[in-house]
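Trainee: Numbering (UniProt numbering), first residue to last: 1 to 158.
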């Protein structure tokens, strides 16, 4: 361990004492970052989004081009990404059907009709032998054909 690191370790261990050298290094790094961003962009940004590290506002205050730029802090806490992460997980069949719709009212109208239809064909496959599953599904398709035939042609007997 180098002597500089030992000294830093001693200073950090003192309660309530934070080394100014460390804060100055962070502030200098933040200033370098902001200067690189400004060099890459022809005009000043409208908004700066950073984490809650205190060196960013201090460095931003020292750069004249960034004095009127809004500074937004990203909240760094547990479970802030849950909404994004949950959208990538497998969801229920009913919710999966909603992805293709743009209008919530039309989606709800479809799903309220689709739910009973899906339940008609959703057999518990893992509880049935294959032969019994095929027989039950065939019987349900026969019932479905009768229902749809009656609704399409009410005067005709199917």
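In this text, a Cβ means the ideal position worked out from N, Cα and C, and glycines have one as well.
Among 40, 74, 30, which residue has its Cα nearest to the Cα of residue 61?
Mentor: The shortest Cα separation from residue 61 among 40, 74, 30 belongs to 30.
Trainee: Leaving out five residues before and five after residue 127 in sequence, what residues of the same chain have Cβ atoms less than 7 Å from its Cβ?
Mentor: Counting only Cβ-Cβ distances below 7 Å, and skipping sequence neighbours, we find nothing.
Trainee: Are the beta-carbon atoms belonging to residue 46 and residue 69 less than 9 Å from one another?
Mentor: For residue 46 and residue 69, yes; Cβs fall inside 9 Å.
Trainee: Could you have a look at residue 48 and say whether DSSP puts it in helix, strand or coil?
Mentor: Three-state DSSP puts residue 48 in a strand.
Trainee: Using the rule of at least 16 other Cβ atoms within 10 Å of the residue's Cβ for burial, across every protein chain shown, is residue 59 buried or exposed?
Mentor: Burial call: buried.
Trainee: Please classify residue 112 as buried or exposed, where buried requires at least 16 other C-beta atoms within 10 Å of its C-beta.
Mentor: By the 10 Å Cβ count, residue 112 comes out exposed.
Trainee: Using the DSSP secondary-structure output, state which residues sit across from residue 73 in a beta bridge.
Mentor: In the DSSP output, where bridge partners are listed per residue, residue 73 has 50.
Trainee: Using the Cα positions of residue 129 and residue 138, report the straight-line distance between them to the nearest angstrom.
Mentor: Residue 129 and residue 138: Cα-Cα distance of roughly 14 Å.
Trainee: By the three-class DSSP mapping on this structure, what secondary structure does residue 6 have?
Mentor: With a pLDDT of only 49 at residue 6, under 50, the local geometry of the prediction cannot be trusted, and the value read off the model is given with reservation. In this structure, residue 6 counts as helix in the three-state DSSP scheme.
Trainee: Enumerate in chain order the residues of its own chain whose CB-to-CB distance from residue 38 is below 8 Å, with the five nearest sequence positions on each side excluded.
Mentor: Around residue 38: 44, 63, 65, 66.
Trainee: Rounded to whole angstroms, what's the CA-CA distance from residue 53 to residue 36? Just pull it up for me.
Mentor: Cα to Cα, the separation comes out at about 19 Å.
Trainee: Keeping to the same chain, check which residues put their C-beta closer than 6 Å to that of residue 56; ignore five residues upstream and five downstream.
Mentor: Answer for residue 56: 30, 50, listed in chain order.
Trainee: Can you give the Cα-Cα distance for residue 144 and residue 120, rounded to whole angstroms?
Mentor: For residue 144 and residue 120, the distance between alpha carbons rounds to 9 Å.
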